[in-house]
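Per the numbering used here, residue 1 is the first one in the sequence shown, and the count goes up by one each step.
Remarks on the structure that follows.
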Amino acid sequence: MNKFVQLRTRGVALKTAIAASIVAASAGANAALPAWASDFSTDVGTAITDTAAAVGPLVIASLVAVIIIKLIKRFANKI
Numbered sequence: 001m002n003k004f005v006q007l008r009t010r011g012v013a014l015k016t017a018i019a020a021s022i023v024a025a026s027a028g029a030n031a032a033l034p035a036w037a038s039d040f041s042t043d044v045g046t047a048i049t050d051t052a053a054a055v056g057p058l059v060i061a062s063l064v065a066v067i068i069i070k071l072i073k074r075f076a077n078k079i
């Protein structure tokens, strides 16, 4: 093995060891969220769902309209 490959292999091993130690150290840092934070995340999820339900039909209708307009233009040019 040449020297470059050996150094690169050592560097990869060192980076892997550092990443593994950081992950192991941060595993104990998880804590339960306070009630207001979990309620906030639930409220945001509900707002996103409501917005998607309200906007979804408009997006679909506009896509259908664009497709119809393109088809009309394409076939009108053939006449």
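Note that the Cβ used here is the ideal one computed from N, Cα and C, for glycine as well.
For residue i, the three-state DSSP class (helix, strand or coil)
i   : result
L14 : helix
A32 : coil
I79 : coil
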